[in-house]
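See below for the structure under consideration.
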Amino acid sequence: MFLSLTPTSIALLAFVSFILPILILTRRPRHFPPGPAELPIIGNLHQLPTKCGLLATFTEWNEKYGDVIGLRVLGRPAIVLGSHRAVHEIMEKRAASCSARPKLVMIDEIAQINKYPSLNSDPVVHKQARRLFAKAFSSRGVQAYHTILITEMRRAVLTIMESNDGHAWLVPLRRAVASLTTQIVYAQEARTEDDPFFCKVMRLLKPVGMAGKTGTYVVEAFQFLKHLPGWFPGASFKHEGQELHDKCLEAVNEPYDIVRDNLAAGTAESCFVADMLQGEDGQIVMDQAAQERLKWAAGALLLAGTDTTVATLQMVLVALLQYPSVQQRAQAEFDSVIGRDRLPTIEDRENLPYCTAIMQEILRWNPVVPLCVPHQLTEDIEYNDRVLPKGSIVVANTWALSREASVYADGDTFIPERFMNPSTVLGTDGREVFGFGRRKCPGIHLSEASIFAFICTFVWAASMCPSKNWDGSELQYEDGGSVVNRPKNLPAEAKPRSQNVVEMLKNAVL
1 MFLSLTPTSI ALLAFVSFIL PILILTRRPR HFPPGPAELP IIGNLHQLPT KCGLLATFTE
61 WNEKYGDVIG LRVLGRPAIV LGSHRAVHEI MEKRAASCSA RPKLVMIDEI AQINKYPSLN
121 SDPVVHKQAR RLFAKAFSSR GVQAYHTILI TEMRRAVLTI MESNDGHAWL VPLRRAVASL
181 TTQIVYAQEA RTEDDPFFCK VMRLLKPVGM AGKTGTYVVE AFQFLKHLPG WFPGASFKHE
241 GQELHDKCLE AVNEPYDIVR DNLAAGTAES CFVADMLQGE DGQIVMDQAA QERLKWAAGA
301 LLLAGTDTTV ATLQMVLVAL LQYPSVQQRA QAEFDSVIGR DRLPTIEDRE NLPYCTAIMQ
361 EILRWNPVVP LCVPHQLTED IEYNDRVLPK GSIVVANTWA LSREASVYAD GDTFIPERFM
421 NPSTVLGTDG REVFGFGRRK CPGIHLSEAS IFAFICTFVW AASMCPSKNW DGSELQYEDG
481 GSVVNRPKNL PAEAKPRSQN VVEMLKNAVL
């Protein structure tokens, strides 16, 4: 005898057969880290902000559930780390298992710009790029660029003092940082804000950063959408991806080809690309595959460092505005060590401990990358009797680390002195903003030298003063889903400490 099934029973059975495996696959594993309650199938998707507030949400969850929280989005696990201990144990000690990048549909398939090593999910590709960077951007290698760095920062400070409008300072800072980077990488200088190559780079910063940020595009959550034609309603991301692809190719190929052609003609100036390409006889020694890796690694240096360094320089000005006593003590140190008869240089750093501490505290106090770029686990990891499963996206909450009370007392306050006494910041050097493990920024020494060059030049030459129309209200920061944290407004004036410093700067850079 056969069981008689009605159409309704068949439909119900089919539905259960379809939905049950999905529920099983998306349920929370037994030893998964604690986190907010999930809904069936979508997990925590409904709790994640769509445009802004992700940092605040993660910080709140770290405070509520602990230093390691577990989330699931459409069955995909994600881990948010909120303490130095957790970051050290998972991202540093287990770096071999936590150095991949999550694959993103926009980066890998639509825009196809994953040749940038910083955006590539393969740890081998990233390792090859780090080998290229190792010598040129070591602490010793960066010394060769000191003249470029200090010259560009002097130009920026001079422009800032002459414009005397805090709302307009972003442009000269961007030009200075982009110019020093293009000189170091390609031997190309951007003397004005209208420089064509400078403009191309500026147009790429935000779209590349957003494309590399998990959750920017809905296609990352619903990957079947990638098969839609570009004309289909809601599929505008296809056109955006193609446009991004074309712009990145142009920005990568154009300056690289100029250096290569100059090498062939015997007219190339020393720079990162030229030095990597040529042998002792001045001839190109790299094969085609190696040249392709170099081309994209050079492009990554320009994109990865420009926006974050500029935002950090803005934070320097914010700190000097909000903490006048810090500015006064720094100026006293300069007047004592440097005097008023010469301009400071990067080589003065070892004799300027307070100025160096300001740089370290800037990196900690208001980290310009408050959530580190996501990593991905290539195998299961155990932590505190919890299992972080293979394939999990891992994000360090850099903002939470900067406020961890056991490491940084009174973390909301700008206190450079904390870095002048190593016993007050045990177990950290204040470099959390540069990332962790094998994905740590390879340009740390270049970035720090640039920041120090700006601090020493600005503090020696000028004083930050509040604008006459500033009512003392709290400064606002961008929170529109941007990867980089920067002030929206800077109601300040930069007043020269004397007319003589203006003339000295002009003579040094013009």
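Counting in the UniProt record's numbering, the sequence shown runs from 1 upward without gaps.
Every residue, glycine too, gets a C-beta built ideally from N, C-alpha and C.
For this session: Please work out which residues of its chain come closer than 7 Å, Cβ to Cβ, to residue 580, disregarding the five sequence neighbours upstream and downstream, and give them in chain order.
Result: Here the chain comprises residues numbered 1 to 510, so residue 580 is not present and cannot be evaluated.
(Q) Using C-beta distances below 6 Å, list every residue in its chain close to alanine 129, excluding the 5 sequence neighbours before and after it, in chain order. (A) What you label residue 129 is simply residue 129 of the sequence shown in a count that begins at 1. Cβ neighbours of alanine 129 beyond the five flanking positions: Pro117 and Ala297.
In the DSSP output, what is glycine 70 paired with across the bridge? Taking the sequence shown and counting its residues from 1, one reaches residue 70 at position 70. Beta-bridge pairing links glycine 70 to Ile79.
| When DSSP labels each residue in this structure, what does cysteine 465 get in the three-state scheme? | Position 465 of the sequence shown, counted from the first residue, corresponds to residue 465. In this structure, cysteine 465 counts as strand in the three-state DSSP scheme.
- Message: Tell me the rounded alpha-carbon separation between threonine 378 and leucine 388.
- Response: Along the sequence shown, read from residue 1 onward, the residue named residue 378 stands at position 378. Along the sequence shown, read from residue 1 onward, the residue named residue 388 stands at position 388. When rounded, the distance between both Cα atoms is 10 Å.
**Q.** Selection from Phe58, Gly53, Met153 and Leu71 that minimises the alpha carbon distance to glutamate 38
**A.** Within the sequence shown, numbered from 1, the residue matching residue 38 stands at position 38. Of the listed residues, the one whose Cα sits closest to glutamate 38 is Leu71.
Point to revise | C-beta contact flag for valine 433 and proline 374 at 8 Å | key: As a first step, residue 433 must be located in the sequence shown, where it is residue number 433. As a first step, residue 374 must be located in the sequence shown, where it is residue number 374. The answer is no: Cβ separation not under 8 Å.
- Task: Return yes when the C-beta of valine 369 is under 7 Å from any heavy atom of the ligand SAH, and no when it is not.
- Result: You won't find the ligand SAH in this model; it holds no ligand whatsoever.
If I measure Cβ to Cβ from arginine 329 and keep anything under 7 Å in the same chain, skipping five residues before and after, which residues do I get? By 1-based counting over the sequence shown, the position of residue 329 is 329. Tyr354.
- Mark glutamine 97 as exposed unless 16 or more other C-beta atoms lie within 10 angstroms of its C-beta, in which case mark it buried. By 1-based counting over the sequence shown, the position of residue 97 is 97. As written in the sequence, residue 97 is serine, which differs from the glutamine given in the question. Serine 97 is buried by the Cβ-count criterion.
Exercise. Measure the CB-CB distance between isoleucine 455 and isoleucine 358 and report whether it falls below 8 Å.
Key: To locate residue 455, count along the sequence shown from 1; it is residue 455. To locate residue 358, count along the sequence shown from 1; it is residue 358. Yes, these two residues count as a Cβ contact at 8 Å.
Short Cβ contact (8 Å threshold) for valine 252 with lysine 206
By 1-based counting over the sequence shown, the position of residue 252 is 252. By 1-based counting over the sequence shown, the position of residue 206 is 206. No.
Using 8 Å as the threshold, is the C-beta distance between arginine 79 and valine 394 below it?
By one-based count along the sequence shown, residue 79 stands at place 79. By one-based count along the sequence shown, residue 394 stands at place 394. A small fix is needed here, since residue 79 is isoleucine in this sequence, not arginine. Going by C-beta atoms, isoleucine 79 is nearer than 8 Å to valine 394.
Below 8 Å, how does it come out for the region 332-349 and the region 142-159: are there three or more Cβ pairs, yes or no? yes
* Asked: What are the boundary residues of the beta strand (DSSP E) that includes alanine 95?
  -> Numbered from its first residue, the sequence shown carries residue 95 at position 95. Careful: alanine 95 lies outside any beta strand (DSSP E) and carries neither H nor E.
ask   = Who are the Cβ neighbours of alanine 300 in its own chain at under 6 Å, not counting the five residues just before and after it?
value = As a first step, residue 300 must be located in the sequence shown, where it is residue number 300. Taken in chain order, the residues that qualify are Tyr116, Pro117 and Ser118.
* For threonine 147, is the classification buried or exposed, using 16 other Cβ atoms within 10 angstroms of its Cβ as the cut-off for buried? -> For the purposes of this step, residue 147 is taken as the residue at position 147 of the sequence shown. It counts as exposed.
Tell me which residues share the same chain as valine 171 and place their Cβ nearer than 6 Å to its Cβ, disregarding the 5 neighbours each side in the sequence.
Indexing the sequence shown from 1 puts residue 171 at position 171. So the list reads Glu193, once near-sequence residues are dropped.
Should proline 416 go down as buried or exposed, given a rule of 16 or more other Cβ atoms within 10 Å for buried? In the sequence shown, the residue the question calls residue 416 occupies position 416. Buried is the call here.
TODO: Indicate whether valine 310 and leucine 173 have their beta-carbon atoms separated by less than 8 Å.
DONE: The residue you call residue 310 lines up with position 310 of the sequence shown. The residue you call residue 173 lines up with position 173 of the sequence shown. For valine 310 and leucine 173, yes; Cβs fall inside 8 Å.
Of all the alpha helix (DSSP H) runs that stay within the bounds of the region 390-473, which reach a length of 4 or more residues? 398-402 and 444-461
Margin query: So if DSSP puts glutamine 278 in a beta bridge, which residue, or which two residues, is it bridged to?
Written below: Along the sequence shown, one-based indexing puts residue 278 at 278. Paired residues: Ile284.
Taking C-alpha atoms, which residue in Leu132, Ala168, Phe58 and Pro123 lies nearest to glutamate 292? The residue labelled residue 292 in the question sits at position 292 within the sequence shown. Cα-wise, what sits closest to glutamate 292 is Leu132.
Among residues of its own chain, excluding the 5 on either side of tyrosine 186, which ones have a beta-carbon nearer than 8 Å to its beta-carbon? Counted from its first residue, the sequence shown places residue 186 at position 186. Excluding residues within five positions, the ones whose Cβ falls inside 8 Å are Pro255, Tyr256, Ile258, Val259, Cys271, Phe272, Val273 and Ala298.
- [ ] Could you tell me the boundaries of the alpha helix (DSSP H) in which alanine 176 lies?
- [x] What you label residue 176 is simply residue 176 of the sequence shown in a count that begins at 1. Residues 170-186.
Check: Whose C-beta lies closer than 6 Å to the C-beta of methionine 1 among residues of the same chain, with five residues either side of it excluded?
Finding: For the purposes of this step, residue 1 is taken as the residue at position 1 of the sequence shown. Because methionine 1 sits at a pLDDT of 43, beneath the cut-off of 50, its placement in the model cannot be relied upon, and the point is left open.
Checklist entry - In angstroms, rounded to a whole number, what distance separates the CA positions of isoleucine 150 and alanine 136? => result The sequence position of residue 150 within the sequence shown is 150, counting from 1. The sequence position of residue 136 within the sequence shown is 136, counting from 1. Cα to Cα, the separation comes out at about 18 Å.
Limits of the unbroken alpha helix (DSSP H) element including arginine 213 = Locating residue 213 in the sequence shown gives position 213, counting from the first residue. Looking at the sequence itself, residue 213 is lysine, so the reference to arginine does not match. Note, lysine 213: premise wrong, no alpha helix (DSSP H); not H, not E.
| query | Is it a yes or a no for the region 195-203 touching the region 232-245, going by three-plus beta-carbon pairs under 8 Å? | reply | no
- Item | C-beta contact flag for glutamine 112 and histidine 245 at 8 Å | Sequence index remark: in the sequence shown, residue 112 carries index 112 (1-based). Sequence index remark: in the sequence shown, residue 245 carries index 245 (1-based). Contact flag set, yes.
* Asked: Do alanine 168 and serine 179 have their C-beta atoms closer together than 8 Å?
  -> Residue mapping note: residue 168 aligns to position 168 of the sequence shown, counting from 1. Residue mapping note: residue 179 aligns to position 179 of the sequence shown, counting from 1. Going by C-beta atoms, alanine 168 is not nearer than 8 Å to serine 179.
- Find out if the Cβ-Cβ distance for the pair glycine 430, leucine 363 is shorter than 8 Å. Numbered from its first residue, the sequence shown carries residue 430 at position 430. Numbered from its first residue, the sequence shown carries residue 363 at position 363. In this structure, leucine 363 lies closer than 8 Å to glycine 430 by Cβ.
**Asked** Is the beta carbon of tyrosine 383 sitting closer than 8 Å to the one on glutamate 89?
**Response** Working through the sequence shown from its first residue, we reach residue 383 at position 383. Working through the sequence shown from its first residue, we reach residue 89 at position 89. For tyrosine 383 and glutamate 89, yes; Cβs fall inside 8 Å.
DSSP beta-bridge partners of glycine 43
On the sequence shown, residue 43 is found 43 positions in, with the first residue counted as 1. Answer by DSSP bridge pairing, in chain order: Leu39 and Val73.
Is valine 387 helix, strand or coil by DSSP?
In the sequence shown, the residue the question calls residue 387 occupies position 387. Strand.
- prompt: What's the gap between the Cα of valine 450 and the Cα of isoleucine 184?
  reply: As a working note, residue 450 is residue 450 in the sequence shown. As a working note, residue 184 is residue 184 in the sequence shown. What sits at residue 450 in the sequence shown is serine, not valine. Straight-line Cα distance between these residues: approximately 12 Å.
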